[in-house]
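**Q** The following block contains the structure, expressed as structure tokens.
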Amino acid sequence: MRPDPLILGFDTSAAHCAAALLQGDRILVEATEPMDKGQAERLVPLLEDLLASADVGWRDLSAIGVGIGPGNFTGVRIAVATARGLALGLGVPAIGISGLEALAHGIPGVRVASIDARQGRLYLQTFGTFDGTRPVLCDIDTLPAIPARAEPLCIGHRAEEIADRCAGQPAAPVHSLPAAIAHIAALRRFSTATRPAPLYLRPADAAPSRDVAPRILP
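Residues in the sequence shown are numbered consecutively from 0, following numbering that gives the first Met the number 0.
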């Protein structure tokens with residue numbers, strides 16, 4: 000009997016390096032290290048430590064999930080460039096997952112996910128409506144419209160305030176951020192051929208990446 004696929008999920012879109020290793024429906028190991036800077040130097044060693052603690056190697060991976068933002072411009076580029084390099088070197092798919100979708104994953108019904116965008120602003124997206132919505136950058140006083148009587152569950156930054164403004168309820172994420180990324184990547188590893196790309200919502204973030212993908216040795 001073949002073992003369940005191993006999925007590595009990671010994220011550096013905020014002040015952290017975060018990673019999780021999923022096999023089947025079980026998280027084998029995960030780690031989150033808070034840091035304001037230094038993600039470029041720490042990410043690959045953290046991933047190596049994670050694999051070693053589960054007694055597996057790079058070549059055991061079946062797919063890679065990576066957080067594509069929205070978030071810190073440099074942090075998002077670091078994670079996406081690393082995922083692309085790993086996928087190319089290992090011959091496995093890399094799947095990009097937004098942090099907003101990761102927050103909402105595993106929660107039923109209408110959900111409003113939010114991430115701190117600094118300067119009093121939010122990255123926000125609604126899930127579970129018939130038409131769906133795109134992620135937006137907004138203020139707490141200019142939230143996008145939520146369908147009437149939706150009674151959404153609000154997850155993430157300032158969830159209680161958002162819930163008060165849209166007749167919803169605050170809720171906690173089901174998974175940690177890297178674990179949710181790994182779970183979603185496992186669901187999509189056969190359904191996407193598109194390379195992960197950063198999700199930028201601020202106009203100033205639309206600069207081309209100069210990051211060089213890491214070289215992965217056999």
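Cβ atoms here follow ideal geometry from the backbone N, Cα and C, with glycine treated the same way. All values derive from a computational prediction rather than experimental measurement.
#1: Where D3 and L176 are concerned, what is the direct C-alpha to C-alpha distance, given to the nearest angstrom?
#2: Pull up the distance between the alpha-carbon of L198 and that of A62, whole angstroms please.
#3: When DSSP builds the beta bridges, which residues end up paired with D115?
#4: What is the C-beta distance between L152 and A170, in whole angstroms, given that I count them as a contact (C-beta under 8 Å)?
#5: Could you tell me the distance, in whole angstroms, from the CA atom of L20 to the CA atom of L27?
#6: Using a threshold of 7 Å, state whether the C-beta atoms of L42 and T73 are closer than that.
#7: If G98 and G56 are in contact, beta carbons under 8 Å, what's the gap, nearest whole angstrom?
#8: Taking the Cβ atom as the reference point for each residue, do L46 and Q22 lie within a distance shorter than 7 Å?
**A** Put simply:
#1: 21 Å
#2: 20 Å
#3: L121
#4: 4 Å
#5: 6 Å
#6: no
#7: Incorrect: roughly 28 Å between the Cβ atoms, too far for contact.
#8: no
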